[in-house]
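In what follows, a structure is listed as structure tokens, so that the remarks can point back to it.
There are 2 protein chains.
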Amino acid sequence: MALQPKVLQFFYKLWGKPHNLQEKNHTTLQPRFDAGGLLPAVVQDASTGQVLMLAYMNREALELTLQSGETHFWSRSRKELWHKGGTSGNTQQVVELALDCDGDALLVRVLPAGPACHTGAVSCFFNPLTPPKDPTS
Amino acid sequence: MALQPKVLQFFYKLWGKPHNLQEKNHTTLQPRFDAGGLLPAVVQDASTGQVLMLAYMNREALELTLQSGETHFWSRSRKELWHKGGTSGNTQQVVELALDCDGDALLVRVLPAGPACHTGAVSCFFNPLTPPKDPTS
Chain A
804 MALQPKVLQF FYKLWGKPHN LQEKNHTTLQ PRFDAGGLLP AVVQDASTGQ VLMLAYMNRE
864 ALELTLQSGE THFWSRSRKE LWHKGGTSGN TQQVVELALD CDGDALLVRV LPAGPACHTG
924 AVSCFFNPLT PPKDPTS
Chain B
804 MALQPKVLQF FYKLWGKPHN LQEKNHTTLQ PRFDAGGLLP AVVQDASTGQ VLMLAYMNRE
864 ALELTLQSGE THFWSRSRKE LWHKGGTSGN TQQVVELALD CDGDALLVRV LPAGPACHTG
924 AVSCFFNPLT PPKDPTS
């Protein structure tokens, strides 16, 4: 069954199809990429709840993520598309994606095939930051 | 007991004290604020594991967070410091902070006093994003 009326499909041809379904229980909110064309994506392990990394998607990386079911990002340092785990094998299978209330951040819940961090750590967030203590105490 | 040698305390006076301890088990990594002076902060409920929001801290917001034990951010829309819950009462008590592997993102684990989102939702990430289905299927 066609989910979209013909008129919408016409506009999709003109402007590109949005990445959300217009179905019940799914948002009509569009991702809001920043001035540099990027959307920050928080990656969380769907089974453990651990926050694994923060990375950035451009429109193409988001499309590839949606199409392939594995995370893709834009590497700001290498200035190239990056299929997470494409080299290391530590891919991330997407379970769920959600935009935040104003559409400018993405939560990606995944099942990771291995460590998220290039250091080999399960999560990139392994540097505890604590308030300075009184040096006289 | 003084945790820092006198020579370090001298440089702190010149350049400001870093926010990390040089103690064992704590990072020597410094936060890397972006060109606009901001650091993205992923806020996670420490008791449920739910990712609540993504917001941004400038140096002052991070200092206030560390000093007060409650989250402070820089509001990019209002262009002002923002004590989360200062008006609504929905403060976030900081349990743990961690920088990621390259210091340009922060994970803040909190105990929230109420919903994180201005809409009243527990988490800001409530807009499921799903891949477009084949309209002929």
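Residue numbers (my numbering), protein chains in the order written: chain A, 804 to 940; chain B, 804 to 940.
Ideal Cβ positions, reconstructed from N, Cα and C, are used throughout, including at glycine.
1. Who are the neighbours of Asn-893 (chain B) on chain A, taking C-beta pairs under 8 Å?
2. Using the Cβ count rule (16 or more neighbours within 10 Å means buried), how would you classify Thr-769 (chain A)?
3. Checking the sheet assignment: what are the DSSP bridge partners for Phe-876 (chain B)?
4. From this set, A:Met-860, A:Gln-847, A:Gln-833 and A:Thr-851, which residue's C-alpha is nearest Leu-756 (chain A)'s C-alpha?
5. Taking DSSP's pairing of strands, which residues face Ala-844 (chain A) in a bridge?
6. Along chain E, in chain order, which residues have C-beta atoms closer than 8 Å to that of Glu-899 (chain A)?
7. In its own chain, which residues sit with a C-beta less than 7 Å from the C-beta of Gly-872 (chain A), not counting the 5 before and 5 after it?
8. Among residues of its own chain, excluding the 5 on either side of Leu-914 (chain B), which ones have a beta-carbon nearer than 8 Å to its beta-carbon?
9. In terms of residues, what are the limits of the beta strand (DSSP E) holding Leu-900 (chain B)?
10. Closest Cβ-Cβ distance between Pro-915 (chain A) and chain B: below 7 Å?
11. Ignore the nearest five residues each way along the sequence and tell me which others in Arg-912 (chain B)'s own chain have a CB closer than 7 Å to its CB.
12. Check the Cβ of Gln-847 (chain B) against every Cβ in chain A and list those closer than 7 Å, keeping chain order.
13. Considering only C-alpha positions, which residue in the set A:Ala-919, A:Leu-932 and A:Asn-930 is nearest to Met-856 (chain A)?
14. Does chain A have any CB closer than 7 Å to the CB of Thr-890 (chain B)?
15. Does chain A have any CB closer than 7 Å to the CB of Ala-908 (chain B)?
16. For Leu-865 (chain A), count neighbouring Cβ atoms within 10 angstroms of its own Cβ and tell me buried if that reaches 16, exposed if not.
17. For Thr-874 (chain B), does the count of other Cβ atoms within 10 angstroms reach 16, so buried, or fall short, so exposed?
18. Report the CB separation of Ala-858 (chain A) from Ala-838 (chain A) in whole angstroms; it is logged as a contact under 8 Å.
19. Under a three-way DSSP split, which group does Leu-865 (chain B) fall into?
20. Take His-886 (chain B) and list the residues in its own chain whose beta-carbon comes closer than 6 Å to its own, dropping the five residues that flank it on each side.
21. When you compare only the Cα positions, how much space is there between Leu-932 (chain B) and Val-854 (chain B)?
22. In whole angstroms, what is the alpha-carbon distance linking Ala-836 (chain B) and Leu-902 (chain B)?
23. Quick check: is the beta carbon of Asp-837 (chain B) nearer than 7 Å to any beta carbon in chain A?
24. Below 8 Å on C-beta distance, what does Thr-922 (chain A) contact in chain B?
25. Using only the alpha-carbon positions, how far apart do Thr-890 (chain A) and Arg-881 (chain A) sit?
26. Relative to the C-alpha of Asn-930 (chain B), which candidate in A:Glu-883, A:Gly-852 and A:Ala-908 has its C-alpha closest?
27. Based on DSSP bridge pairs, tell me the residues matched to Pro-931 (chain A).
28. If you drop the 5 nearest sequence neighbours on each side, which residues of the same chain put their C-beta closer than 6 Å to that of Gly-917 (chain B)?
29. In angstroms, rounded to a whole number, what distance separates the CA positions of Cys-927 (chain A) and Leu-884 (chain A)?
In brief:
1. Here residue 893 (chain B) refers to the residue found at position 90 of the second sequence. Per Cβ cutoff of 8 Å: no residues; Asn-893 (chain B) is ~14 Å from chain A at best.
2. This structure gives no information on residue 769 (chain A), because the portion of chain A shown stretches from 804 to 940.
3. Stepping through the second sequence from its first residue, residue 876 (chain B) is reached at position 73. Per DSSP, the beta-bridge partners of Phe-876 (chain B) are B:Trp-885.
4. Since the first residue shown for chain A is 804 and the last is 940, residue 756 (chain A) is missing from the structure and cannot be characterised.
5. In the first sequence, the residue the question calls residue 844 (chain A) occupies position 41. A:Ala-858 and A:Leu-909, per the DSSP bridge assignment.
6. No chain E is present in this structure, whose protein chains are A and B.
7. On the first sequence, residue 872 (chain A) is found 69 positions in, with the first residue counted as 1. Gln-896 and Val-897, listed in sequence order.
8. Along the second sequence, read from residue 1 onward, the residue named residue 914 (chain B) stands at position 111. Excluding positions up to five away in sequence, the list reads Asp-848, Ala-849, Ser-850, Gln-895, Gln-896 and Val-898.
9. Sequence index remark: in the second sequence, residue 900 (chain B) carries index 97 (1-based). Taken as a continuous stretch (DSSP letters only), the beta strand (DSSP E) holding Leu-900 (chain B) covers 895-902.
10. As a first step, residue 915 (chain A) must be located in the first sequence, where it is residue number 112. Not one chain B Cβ lies under 7 Å of Pro-915 (chain A).
11. Here residue 912 (chain B) refers to the residue found at position 109 when the second sequence is read from its first residue. Cβ neighbours of Arg-912 (chain B) beyond the five flanking positions: Gln-847, Ala-849, Val-898 and Glu-899.
12. The residue labelled residue 847 (chain B) in the question sits at position 44 within the second sequence. In chain order: Val-854.
13. Numbered from 1 along the first sequence, position 53 holds the residue referred to as residue 856 (chain A). The shortest C-alpha separation from Met-856 (chain A) is found at A:Ala-919.
14. Locating residue 890 (chain B) in the second sequence gives position 87, counting from the first residue. No - not a single Cβ of chain A is within 7 Å of the one on Thr-890 (chain B).
15. Here residue 908 (chain B) corresponds to residue number 105 of the second sequence, with the count starting at 1. Chain A contact via Cβ: present.
16. Position 62 of the first sequence, counted from the first residue, corresponds to residue 865 (chain A). Classification of Leu-865 (chain A): buried, given that the 10 Å Cβ count is 16 or more.
17. Numbered from 1 along the second sequence, position 71 holds the residue referred to as residue 874 (chain B). So Thr-874 (chain B) counts as buried.
18. Locating residue 858 (chain A) in the first sequence gives position 55, where the first residue counts as 1. Locating residue 838 (chain A) in the first sequence gives position 35, where the first residue counts as 1. The Cβ separation is near 18 Å, so there is no contact.
19. As a first step, residue 865 (chain B) is located in the second sequence; it is residue number 62 there, counting from the start. Helix.
20. Counting from 1 along the second sequence, the entry for residue 886 (chain B) is found at position 83. Hits under 6 Å: His-875.
21. Taking the second sequence and counting its residues from 1, one reaches residue 932 (chain B) at position 129. Taking the second sequence and counting its residues from 1, one reaches residue 854 (chain B) at position 51. In this model, Leu-932 (chain B) and Val-854 (chain B) are separated by some 16 Å (Cα to Cα).
22. Within the second sequence, residue 836 (chain B) is the residue found at index 33, counting from 1. Within the second sequence, residue 902 (chain B) is the residue found at index 99, counting from 1. Note that residue 836 (chain B) corresponds to Phe in the displayed sequence, not to Ala. So the alpha carbons of these two residues sit roughly 11 Å apart.
23. The sequence position of residue 837 (chain B) within the second sequence is 34, counting from 1. Asp-837 (chain B) is outside the set of residues whose beta carbon lies under 7 Å from a beta carbon in chain A.
24. By 1-based counting over the first sequence, the position of residue 922 (chain A) is 119. Against chain B, the beta carbon of Thr-922 (chain A) has neighbours under 8 Å at Cys-904, listed in chain order.
25. Taking the first residue of the first sequence as 1, we reach residue 890 (chain A) at position 87. Taking the first residue of the first sequence as 1, we reach residue 881 (chain A) at position 78. Between Thr-890 (chain A) and Arg-881 (chain A), the C-alpha separation is close to 15 Å.
26. Here residue 930 (chain B) refers to the residue found at position 127 of the second sequence. Taking only the C-alpha atoms, the option nearest Asn-930 (chain B) is A:Ala-908.
27. As a position in the first sequence, residue 931 (chain A) is number 128, starting the count at 1. B:Ala-901.
28. Residue mapping note: residue 917 (chain B) aligns to position 114 of the second sequence, counting from 1. These residues qualify, in order along the chain: Asn-893.
29. Along the first sequence, one-based indexing puts residue 927 (chain A) at 124. Along the first sequence, one-based indexing puts residue 884 (chain A) at 81. Approximately 19 Å, taken between the alpha carbons.
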